[in-house]
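Numbering (this note's numbering), first residue to last: 0 to 193.
Glycine residues also receive a C-beta, built at the ideal position from the N, C-alpha and C atoms.
In what follows, a single structure is set out as structure tokens and then discussed.
Structure, rendered in structure tokens:
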């Protein structure tokens, strides 16, 4: 059993005790690469999504997390890789494309940071760039109840998984000047409306 499988087993057990719910597993592709795009409410979100999906997820994580003692070791052990927010991080984009080229699953939070209110924030365009370059679909995943995870009442937290979104199936209105921003926000709207 590798570290990812061990961590998933432990965390899944804790989440099951908390009454964690997963809906929409039938929408998860059994094979091939895809990008998991989620809303972002708490530090627990990668754990919650990682436990929901049957395939391992390699998450992009903000670079600062890798400098925190213990946290950095754990996320490296889970194969996460750093992204410098607020910059055009070409190394992170290349790593994301390599993950997908290897038929693996990439995890990304298009909002770039946790929402303090629970409301959707403006989505960053990196997810669209990765879709365009890789041809991989996005699997929209809505997380709910992850704030204050350990204090939550039983059965009030989980994920809802939507149907995959393919870049070539998205119809962008002709009057839109920033196509990537429009698509990124459309993806997050899909996440919100699952």
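CB of residue i within 7 Å of CB of residue j, strictly
i, j, result
"residue 51", "residue 21", "yes"
"residue 188", "residue 159", "no"
"residue 94", "residue 80", "yes"
"residue 138", "residue 35", "yes"
"residue 110", "residue 120", "yes"
"residue 76", "residue 2", "yes"
"residue 135", "residue 32", "yes"
"residue 56", "residue 64", "no"
"residue 161", "residue 193", "yes"
Paired residues, beta bridge with residue i - DSSP
i, result
"residue 37", "140"
"residue 59", "80"
"residue 22", "159"
"residue 106", "35 and 58"
Three-state class that DSSP yields for residue i in the structure shown
i, result
"residue 175", "coil"
"residue 164", "strand"
"residue 7", "helix"
"residue 0", "coil"
"residue 43", "coil"
"residue 123", "coil"
"residue 111", "coil"
"residue 272", "Since the displayed the chain opens at 0 and closes at 193, residue 272 lies outside it and no answer follows."
"residue 145", "coil"
"residue 87", "coil"
"residue 182", "helix"
"residue 15", "helix"
Whole-number beta carbon distance between residue j and residue i, since they are thought to touch under 8 Å
i, j, result
"residue 103", "residue 83", "22 Å between Cβ atoms; not a contact."
"residue 106", "residue 45", "6 Å"
"residue 114", "residue 42", "No, residue 114 and residue 42 are not in contact; Cβ-Cβ is about 13 Å, not under 8 Å."
Pairing CB atoms from the region 157-169 with CB atoms from the region 87-98, are three or more of them under 8 Å?
-> No, because fewer than three Cβ pairs between the region 157-169 and the region 87-98 fall closer than 8 Å, the two stretches do not touch.
Quick check: the region 121-128 against the region 11-28, are there 3 or more CB pairs under 8 Å?
-> No, they do not touch.
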